[in-house]
Amino acid sequence: MPDHANYECKIFAESPVNPVVNPPEYEKIKILRILLLKEKCPEKWELIRSLESRETIRRQNFCAVTTDIALYKFIKQECHLTQFDFDELHHVAGVSSIHSFPTNCPDVSDSSNHVSAARYASLLFYNASLLAHDCFPNTRYAIHASPGKNSSYSISVIATRNIEEGEPVTTSYVDPTLGTFERREILRERYYITCSCKRCSDASEFGTFFSAIKCKNLDCHTGYLLPVFPLDPNSEWRCNKNCCEMSTSPAWIASLIQEVRSQASISHSWETFDDMLEKYRTTVLHRNHYLVVEMQAELLKMIEKFLHKVESTQQIPLAKKMVELSRSCLAVMDVVYPGCNTFRGRLLYYLHEGLLALCSSRVNECADKTDQEIVRKSCKKYFVESLEIIREAREILIFEAVGTVDWKNGTMLSTESPRIKSLMAFFSFKN
Numbered sequence: 009m010p011d012h013a014n015y016e017c018k019i020f021a022e023s024p025v026n027p028v029v030n031p032p033e034y035e036k037i038k039i040l041r042i043l044l045l046k047e048k049c050p051e052k053w054e055l056i057r058s059l060e061s062r063e064t065i066r067r068q069n070f071c072a073v074t075t076d077i078a079l080y081k082f083i084k085q086e087c088h089l090t091q092f093d094f095d096e097l098h099h100v101a102g103v104s105s106i107h108s109f110p111t112n113c114p115d116v117s118d119s120s121n122h123v124s125a126a127r128y129a130s131l132l133f134y135n136a137s138l139l140a141h142d143c144f145p146n147t148r149y150a151i152h153a154s155p156g157k158n159s160s161y162s163i164s165v166i167a168t169r170n171i172e173e174g175e176p177v178t179t180s181y182v183d184p185t186l187g188t189f190e191r192r193e194i195l196r197e198r199y200y201i202t203c204s205c206k207r208c209s210d211a212s213e214f215g216t217f218f219s220a221i222k223c224k225n226l227d228c229h230t231g232y233l234l235p236v237f238p239l240d241p242n243s244e245w246r247c248n249k250n251c252c253e254m255s256t257s258p259a260w261i262a263s264l265i266q267e268v269r270s271q272a273s274i275s276h277s278w279e280t281f282d283d284m285l286e287k288y289r290t291t292v293l294h295r296n297h298y299l300v301v302e303m304q305a306e307l308l309k310m311i312e313k314f315l316h317k318v319e320s321t322q323q324i325p326l327a328k329k330m331v332e333l334s335r336s337c338l339a340v341m342d343v344v345y346p347g348c349n350t351f352r353g354r355l356l357y358y359l360h361e362g363l364l365a366l367c368s369s370r371v372n373e374c375a376d377k378t379d380q381e382i383v384r385k386s387c388k389k390y391f392v393e394s395l396e397i398i399r400e401a402r403e404i405l406i407f408e409a410v411g412t413v414d415w416k417n418g419t420m421l422s423t424e425s426p427r428i429k430s431l432m433a434f435f436s437f438k439n
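First residue of the sequence shown: 9, per our numbering; consecutive thereafter.
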């Protein structure tokens, strides 16, 4: 690979550098490659120097400084490079930490889009690095690998909603489907940002109660715990109904999130997972809580895999479940994370699968012309809705990296419209 041969390969050949075996250690090679730009590509080096590195904040962070010292020892003692000082390395490490785009983009090995195993990479894109963060972003991005063994990468920045003239172009550095408590923690720890956007500033996250937890007071049946000061990570949480003076610490909230995630990570059948979801949704978390939405999305994935393995008569309750879950998630996400984003594309895909399975199963159950007429009337609206869903979901998912599940689903949807139209013609429906 040219980057390897022209950069670290020569240095490793001349110095007894220990082999890198753990993926996290590849950060050393990344930092080395960036430092070598100073001599090999001054233009790119100047771009690196111009990027924000949060140096002042990082110098106060024990983990960041410890990591940078270890990197400096690697550069000085193992690679025997004396031309770089600690300030340069500290800046480069900060840029890498803050501005890198991780990817597990599948390796497209030829022009026919044949896909092999995923390649993991940590990438820097100068122009994309200039995008400001917002937890209510108006763009998303997708990373693509070019075909061939020596793959290069490109990034597409895609508007997810209309951007008004003069409005900043923003993206989210963290997953917008997370609640404020988790998003802001990641932003502080990984990006050294204290976000105060309009979503973070609203304890209820635009009235959705996306992070709300049921009040612990057993006599309170309608109250939910929310942070008193949403921009303070150490804020106590209290019931929004002011049922009592009881308060809850952020440490307890973090522990609860960890418990729910731990339970959800255990292998389940879709039935037991659904039971667990129902327990948390009705007794612990607000029905719109982001962990509920997260588990609903996982349940949709489970049901979709199981759906076509059962008889037509068994598909109807599963299809109804998919439709119900998809609509529930979409209703919440349209408020906290609206627009043509990847998560919306996935939910639309599952909604389409549910509607189509529901219609197909009902058609297969028709015993006579009378049944057929009843099904014809009830299915028409589902078919028409599926056509609209396909158009939107395809436009979203087709931009994803070639070979990913999302891209495959988007590509598959390109064949769904003719299929549905033929069914509509069979039932004498009009578009």
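C-beta: ideal position from N, C-alpha, C; glycine also. On a predicted model such as this, the values are computed, not experimentally measured, just so you know.
Between the C-alpha atoms of Ser61 and Ser425, what's the straight-line distance to the nearest angstrom? Approximately 48 Å, taken between the alpha carbons.
According to the Cβ coordinates, are His271 and Met284 closer than 9 Å? Looking at the sequence provided, one finds Gln at residue 271 rather than His. Against a cut-off of 9 Å, the Cβ pair of Met284 and Gln271 comes out as a contact.
Expressed to the nearest angstrom, what Euclidean distance is found between the alpha-carbon atoms of Asp118 and Ile311? Note that Asp118 scores a pLDDT of 44, beneath 50, so its modelled location is shaky; the value from the coordinates is reported in the next line. C-alpha of Asp118 to C-alpha of Ile311: approximately 33 Å in a straight line.
Could you give the distance in angstroms between the alpha-carbon of Phe237 and the alpha-carbon of Asp95? Their Cα atoms are separated by approximately 37 Å.
Quick check: the Cα distance between Pro110 and Asn135, rounded to an integer number of angstroms? In this model, Pro110 and Asn135 are separated by some 16 Å (Cα to Cα).
In whole angstroms, give me the CA-to-CA distance for Phe20 and Cys87. Take the alpha-carbon of Phe20 and the one of Cys87: they are about 7 Å apart.
Quick one: what's got a C-beta closer than 7 Å to Ser120's C-beta in the same chain, skipping five residues either side? Here Ser120 scores only 46 on pLDDT, less than 50, and its place in the model should not be relied on; the value that follows carries that caveat. Cβ within range, chain order: n/a, list empty.
Indicate whether Pro145 and Phe351 have their beta-carbon atoms separated by less than 9 Å. No, they are not a contact pair.
Are the Cβ atoms of Arg148 and His99 separated by less than 9 Å? Cβ distance not < 9 Å, so Arg148 and His99 don't count as in contact.
DSSP on Phe217, reduced to helix/strand/coil? Here Phe217 sits in coil by DSSP.
Once DSSP output is grouped into helix, strand and coil, what is the label at Phe351? In the structure shown, Phe351 sits in a helix (DSSP, three-state: H, G or I).
In terms of residues, what are the limits of the beta strand (DSSP E) holding Pro110? Counting along the chain, the unbroken beta strand (DSSP E) around Pro110 starts and ends at 109-111.
Find out if the Cβ-Cβ distance for the pair Tyr181, Ser105 is shorter than 9 Å. Taking 9 Å as the Cβ cut-off, Tyr181 and Ser105 do not qualify as a contacting pair.
Pull up the distance between the alpha-carbon of Arg41 and that of Ser130, whole angstroms please. Taking the Cα positions, Arg41 is about 12 Å away from Ser130.
Who pairs with His360 in a beta bridge, going by DSSP? According to DSSP, His360 bridges with nothing at all.
Start and end of the alpha helix (DSSP H) containing Ala136? Counting along the chain, the unbroken alpha helix (DSSP H) around Ala136 starts and ends at 134-137.
Please name the residue, chosen from Lys18, Thr412, Asp76, that lies closest to Arg354 on a Cα-to-Cα basis. The shortest C-alpha to C-alpha distance from Arg354 to any of Lys18, Thr412, Asp76 is the one to Thr412.
Which of helix, strand or coil DSSP assigns to Ser368: Under the three-state reduction of DSSP output, Ser368 falls in the helix class.
Thinking C-beta only, is Lys48 closer than 9 Å to Tyr80? Contact flag unset, no.
Straight-line gap, Arg295 to Cys208 (C-alpha atoms, nearest Å): Computed Cα separation, rounded: 20 Å.
Where do the N-terminal and C-terminal ends of the alpha helix (DSSP H) with Pro241 fall, by residue? First-last for Pro241: undefined, no H or E at that position.
Straight-line Cα distance separating Cys348 from Ala167: So the alpha carbons of these two residues sit roughly 8 Å apart.
Give the secondary structure of Lys36 by DSSP, where H, G and I count as helix, E and B as strand, and everything else as coil. Looking at Lys36 - three-state DSSP - the assignment turns out to be helix.
Cβ shell of Thr256 (< 6 Å), same chain only, five flanking positions each side left out: Excluding positions up to five away in sequence, the list reads Leu233, Trp245.
Arg196 to Gln266, Cα distance in whole Å? Roughly 19 Å separates the two Cα atoms.
So is Pro235 buried or exposed if we call it buried at 16+ other beta carbons inside 10 Å? With 16 or more other Cβ atoms within 10 Å, it is buried.
Taking the C-alpha atoms as reference points, what is the distance between Glu306 and Ile171? Those two C-alpha atoms are separated by around 31 Å.
DSSP on Ile166, reduced to helix/strand/coil? In the structure shown, the three-state DSSP call for Ile166 is strand.
Are His276 and Arg289 closer than 9 Å when you measure CB to CB? For the pair His276 and Arg289, the CB atoms are not nearer than the 9 Å cut-off.
Going by the CB atoms, is the gap between Tyr345 and Leu405 shorter than 9 Å? Not in contact: Leu405 and Tyr345 (Cβ atoms no closer than 9 Å).
Kindly indicate which residue of Cys247, Asn248, Ser273, Pro241 has the alpha-carbon position closest to the one of Ala259. When only C-alpha atoms are compared, the closest one is Pro241.
In the DSSP output, which residue or residues are listed as bridge partners for Ser255? Bridge partners of Ser255: Arg246.
Give the secondary structure of Tyr149 by DSSP, where H, G and I count as helix, E and B as strand, and everything else as coil. DSSP places Tyr149 in strand when its eight states are reduced to three.
Beta-carbon proximity of Ser8 to His152, cut-off 9 Å: An answer regarding residue 8 cannot be provided, because it is not within the stretch 9 to 439 covered by the chain.
Buried or exposed: which applies to Cys367, given that a residue is buried once 16 or more other Cβ atoms fall within 10 Å of its Cβ? With 16 or more other Cβ atoms within 10 Å, it is buried.
Report all residues from its chain with a CB closer than 6 Å to the CB of Asp76; omit the five preceding and five following residues, and keep chain order. Cβ within range, chain order: His98, Ala101.
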